[in-house]
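First the structure, in the form of structure tokens, and then the observations on it.
Number of protein chains: 2
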Amino acid sequence: MTVSSIRAPVRIIGIDPGLRRTGWGVIETLGNKLTYIACGSVEPPETLPLASRLLGIHEGLTKVLNEFQPMEAAVEQTFVNKDGAATLKLGQARGIAMMSPAMFGIDVAEYMPNLVKKTVVGAGHADKNQIQVMLKILLPKAEFKRADAADALAIAITHAHHRSSAMLRKAVMA
Amino acid sequence: MTVSSIRAPVRIIGIDPGLRRTGWGVIETLGNKLTYIACGSVEPPETLPLASRLLGIHEGLTKVLNEFQPMEAAVEQTFVNKDGAATLKLGQARGIAMMSPAMFGIDVAEYMPNLVKKTVVGAGHADKNQIQVMLKILLPKAEFKRADAADALAIAITHAHHRSSAMLRKAVMA
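Line by line, the protein sequences are chains H and A.
Counting from 1, one number per residue, gives the positions in the first sequence under this note's numbering.
Counting from 1001, one number per residue, gives the positions in the second sequence under this note's numbering.
This is the structure we're talking about:
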């Protein structure tokens, strides 16, 4: 391995899954430096049948993965709430959000919501507003119109911070 | 439309989603006649990461869809239980089971478990054994080694019985 390959930035996609809106955010990390690349959300029409909405999420994410060619992916561990029907809906969208990067041969890491908040804001119980304020500091060029795109960037940042230990765990377990 | 095209059999795939095992069953229906085509289950290795297991379900179903070229698909409406983590796992597998046929441009119908039981056995509270006994009568040539393949055939039969009214609903709503 040459020095230049060690110093190459790693491009990461973070995904915040949801049936109505699936947020995505792409960043690059090199040492302690983070660079904003792009973000957005996939919103398949709610009038479509469920199978078509799920296909819409997959097609939207596939387009993003094709365009930005991330090397690693991270998805938020879904909060399991008491509403079974809502959990099921989220689970269905999350299945697509996990599978779509795997189709590109990309490893998909998972992070708990409180670790995402702790990594970005420094506290596990931060609200969405605090996350967005910190995002503007960590990624000054980031332009996000919606909370789910911001959350996706926060997940990508979390992976940038924890990816070394995650990869070490994987190497140890292999 | 010619008489022969009206009398052509309709090939249906039923899918019983699960993260460990996703059952599938293909039948043909023509009037009141049902014909068994094939069944089986997709079982991605449990040692793989979640994203790879979900991709395994998608790849397995895609292979089946390619081989048997069904014209319509049906998936069981997942039972929402009190265990949020189990519901989430099932939801993720179900998302893949709904999306994979949609990638082939096939409509995906959904049926509640008690409607499946009522259609196949005649009672909404039938057990798995009763379903398998009735399947051997309805599809004498069917060979299923596992309950999830049998369940998938039961879902396909349910769609064969209810597809006309489902298509009518769709036409009315369009």
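All C-beta atoms, glycine included, are put in the ideal place defined by N, C-alpha and C.
Predicted model only: the values in this text are computed from it and were never measured.
- Would you list, in chain order, the members of the region 1086 to 1113 of chain A that have their beta-carbon closer than 8 Å to a beta-carbon of chain H? T1087, L1088, K1089, L1090, G1091, Q1092, A1093, R1094, G1095, I1096, M1098, M1099, P1101, A1102, M1103, D1107, V1108, E1110
- Task: With 8 Å as the C-beta to C-beta threshold (strictly closer), list the residues of the region 24 to 52 of chain H near chain A in chain order.
- Result: P49, L50, A51, S52
- Message: Quick check on L1065 of chain A - is its C-beta less than 8 Å from some C-beta in chain H?
- Response: no
- In the DSSP assignment, what are the bridge partners of K1033 of chain A? A:L1030
- With distances taken from CA atoms, which of A:R1007, A:L1019, A:L1139, A:C1039 is nearest I1057 of chain A? A:L1019
- Task: Tell me whether R1011 of chain A sits in a helix, a strand or coil according to DSSP, three-state version.
- Result: strand
- Compute the Euclidean distance between the alpha carbons of H1159 of chain A and L1050 of chain A, then round it to the nearest angstrom. 30 Å
- Message: Less than 8 Å between the C-beta atoms of M1099 of chain A and I96 of chain H, yes or no?
- Response: yes
- Item | Cα-Cα separation, Q130 of chain H to R1163 of chain A | 50 Å
- Just how far apart, CA to CA, sit M1107 of chain A and L48 of chain H? According to the sequence shown, residue 1107 of chain A is Asp rather than Met. If you take the alpha carbons of D1107 of chain A and L48 of chain H, they lie about 11 Å apart.
- Item | Contact set for L138 of chain H: own chain, Cβ-Cβ below 8 Å, skip 5 residues either direction | L34, V120, I157
- What is the DSSP secondary structure of L1054 of chain A, reduced to helix, strand or coil? helix
- Residue span of the beta strand (DSSP E) that contains V1075 of chain A, given as start and end: 1072 to 1076
- Query: chain H beta carbons: is any one of them nearer than 8 Å to that of N1081 of chain A?
  - Reply: yes
- What residues are listed by DSSP as bridge partners for G1023 of chain A? A:D1016, A:S1041
- Item | Beta carbon proximity, L1115 of chain A to chain H, threshold 8 Å | no
- Query: Name the DSSP beta bridge partners of V1108 of chain A, please?
  - Reply: A:A1073
- Count the other CB atoms, across all protein chains shown, that sit within 10 Å of the CB of A142 of chain H; report buried if there are 16 or more and exposed otherwise. buried
- Can you tell me the Cα-Cα spacing of T62 of chain H and P17 of chain H, whole angstroms? 14 Å
- Task: Compare the C-beta of L1061 of chain A against all C-beta atoms of chain H and say whether one is closer than 8 Å.
- Result: no
- Message: Which of the three DSSP states is assigned to D148 of chain H in this structure?
- Response: helix
- CA-CA distance, A1147 of chain A and P1113 of chain A? 14 Å
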